[in-house]
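Under our numbering, the first residue of the sequence shown carries the number 475, and numbering increases by one thereafter. We put the CB at the ideal spot given by N, CA and C, even for glycine. Note sheet for the following structure.
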Amino acid sequence: MLAKQHGGGGMYARVVLEVEPGATDSGIVIENRVTGGAIPTEFISACHLGIAIATSKGVLGHPVIGVKATLLDGKAHSDDSNGMSFQIAAEAKAIG
Numbered sequence: 475m476l477a478k479q480h481g482g483g484g485m486y487a488r489v490v491l492e493v494e495p496g497a498t499d500s501g502i503v504i505e506n507r508v509t510g511g512a513i514p515t516e517f518i519s520a521c522h523l524g525i526a527i528a529t530s531k532g533v534l535g536h537p538v539i540g541v542k543a544t545l546l547d548g549k550a551h552s553d554d555s556n557g558m559s560f561q562i563a564a565e566a567k568a569i570g
């Protein structure tokens, strides 16, 4: 989850992500199982980007391969959520 307040608008995004081993030759597979608009449609691509960034550098600075990441759930705030918030939250969850 990312929640940040500063002088202007805040940043808020909650992402529930399952990361599991995939086929070794599959690269990174990202599946979206979010239902009911828990993560607004316009922010799903930002989640994908965050996962891609995280897996391109991995925890130790090396690319991660053979992984399946599934977006399961999340939460947005009507005023404080944006694409960058969801990108950062998904990136943190993918490597955390």
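Report task. Let me know the secondary structure DSSP gives T509 once reduced to three states. Result -> The answer is coil: DSSP assigns T509 none of H, G, I, E or B.
Query raised in the report: What's the C-alpha gap between I527 and V508?
Result: 20 Å
Query raised in the report: Start and end of the beta strand (DSSP E) containing L491?
Result: 485 to 495
Query - Simplified DSSP assignment, three categories, for A550 - result: coil
Query raised in the report: Which residue or residues does DSSP assign as beta-bridge partners of I502?
Result: V541
Requested in this report: Determine contact between the segment 553 to 562 and the segment 537 to 544, defined as no fewer than three beta-carbon pairs at a distance below 8 Å.
Outcome: no
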